[in-house]
């Protein structure tokens with residue numbers, strides 16, 4: 046299965062004309078995180094804890110831009126915090142970072158390193174050959190990993206042929222990484238126009254054996 050192409054809903058594009066999304070696929074072998082991955086997570090967490098105050102997390106440009114996007118789409122970002130903000134708040138509050146597996150942990154490192162919301166999915170669980178970036182609708186069914194049902198009305202959302210499978214707040218169990226995942230599909234939401242897509246890709250390249258990488262804006266794929 047090839048990585049799905051991305052389409053951006055016109056209403057979403059009208060609200061967020063500077064939005065971009067980076068996607069890539071990569072071969073993976075899911076296992077417990079190595080000592081090197083855990084050490085990088087701990088070093089990154091220590092750096093954030095030493096330099097960022099709890100009250101200032103939502104002022105970090107990439108986080109602030111994501112929160113602004115939530116408000117424009119119709120969602121309160123204080124009630125449904127973006128994933129990178131959740132991770133940073135956990136660190137600054139002294140709760141530490143939990144380890145899931147090598148793939149998810151690397152995704153969290155990518156998110157914390159760039160400030161962007163990152164989604165990691167099992168490519169073989171995505172339905173169809175395209176995904177759409179849009180806004181959650183009233184009553185649209187959605188379950189978050191470890192969270193149960195979530196009201197995604199007014200929230201940025203990714204949909205495949207089977208429906209919503211990801212938001213910047215929480216991904217869905219339907220497309221989640223498992224021990225059997227062999228092909229990763231990753232999305233990186235760039236709500237902040239000052240974030241350089243190539244810098245984000247460079248960080249991803251250091252962490253994953255990326256392939257089939259694409260950058261999309263509201264007008265389609267970028268050269």
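Numbering (the numbering used here), first residue to last: 46 to 268.
Every residue, glycine too, gets a C-beta built ideally from N, C-alpha and C.
Everything numeric in this text was worked out from a predicted model, so none of it was measured.
#1: Between the C-alpha atoms of residue 241 and residue 80, what's the straight-line distance to the nearest angstrom?
#2: Can you tell me whether residue 248 is helix, strand or coil according to DSSP?
#3: Pick out whichever of 165, 191, 259, 197 has its Cα sitting closest to the Cα of residue 73.
#4: Let me know if residue 55 comes out buried or exposed under the rule of 16 or more other beta-carbons within 10 Å of its beta-carbon.
#5: Please work out which residues of its chain come closer than 7 Å, Cβ to Cβ, to residue 94, disregarding the five sequence neighbours upstream and downstream, and give them in chain order.
#6: Give me, in chain order, the residues of the same chain whose beta-carbon lies closer than 6 Å to that of residue 261; leave out the 5 immediate sequence neighbours on both sides.
#7: Take residue 236 as the anchor and find which of 204, 129, 123, 205 has the nearest alpha-carbon.
#8: What is the residue span of the beta strand (DSSP E) that residue 145 lies within?
#9: Assuming residue 85 and residue 154 are in contact, meaning their beta carbons sit under 8 Å apart, how far apart are those beta carbons, in whole angstroms?
#10: Closer than 6 Å by C-beta to residue 207: which residues in its own chain qualify, once you throw out the five before and the five after it? Chain order, please.
#11: When burial is assigned at 16 or more other CB atoms within 10 Å of the CB, is residue 143 buried or exposed?
#12: For residue 234, which option in 211, 217, 184, 226 has the closest C-alpha, if you only look at C-alpha atoms?
#13: Smallest Cα separation from residue 195: which of 181, 205, 204?
#14: Please classify residue 114 as buried or exposed, where buried requires at least 16 other C-beta atoms within 10 Å of its C-beta.
#15: Ends of the beta strand (DSSP E) at residue 65?
#16: Rounded to whole angstroms, how far is the Cβ of residue 189 from the Cβ of residue 156, which I believe are closer than 8 Å?
#17: Measuring straight from C-alpha to C-alpha, what distance separates residue 178 and residue 145?
#18: Any idea if residue 116 is buried or exposed, counting beta-carbon neighbours within 10 angstroms, 16 or more meaning buried?
#19: Among the residues of its own chain, which have a CB less than 7 Å from the CB of residue 109, if the five just before and after it don't count?
#20: Alpha carbon to alpha carbon, how far is residue 217 from residue 88? Give it in angstroms, no decimals.
#21: Would residue 120 and residue 199 be called neighbours here (beta carbons separated by less than 7 Å)?
#22: Can you tell me which of the three DSSP states residue 106 falls into?
Quick answer:
#1: If I take the Cα positions, the gap works out to 30 Å.
#2: Residue 248: helix per DSSP, three-state reduction.
#3: When only C-alpha atoms are compared, the closest one is 165.
#4: Here residue 55 is exposed, its C-beta having fewer than 16 other C-beta atoms within 10 Å.
#5: Contacts found: 136, 137.
#6: Answer for residue 261: 51, 66, listed in chain order.
#7: Of the candidates 204, 129, 123, 205, the one whose C-alpha sits nearest the C-alpha of residue 236 is 129.
#8: That residue, residue 145, is in no beta strand (DSSP E); it is neither H nor E in DSSP.
#9: Contact holds; Cβ gap of about 6 Å.
#10: Only residues of its own chain outside the window of five on either side were considered, and among them 172 have a CB closer than 6 Å to the CB of residue 207, listed in chain order.
#11: By the 10 Å Cβ count, residue 143 comes out exposed.
#12: Checked all of 211, 217, 184, 226; the closest Cα to residue 234 is 211.
#13: The option with the nearest alpha carbon to residue 195 is 181.
#14: Classified as buried, residue 114 has 16 or more neighbouring CB atoms from the shown chains inside 10 Å of its CB.
#15: Per DSSP, residue 65 belongs to the beta strand (DSSP E) from 65-72.
#16: Actually they are not in contact, since the Cβ atoms of residue 189 and residue 156 sit about 16 Å apart, beyond 8 Å.
#17: Distance between the alpha carbons of residue 178 and residue 145 is about 27 Å.
#18: Classification for residue 116: exposed.
#19: Shown here for residue 109: same chain residues with a beta carbon closer than 7 Å to its own, the five before and five after excluded, namely 103 in chain order.
#20: If you take the alpha carbons of residue 88 and residue 217, they lie about 29 Å apart.
#21: A contact, by the Cβ cut-off of 7 Å.
#22: Here residue 106 sits in helix by DSSP.
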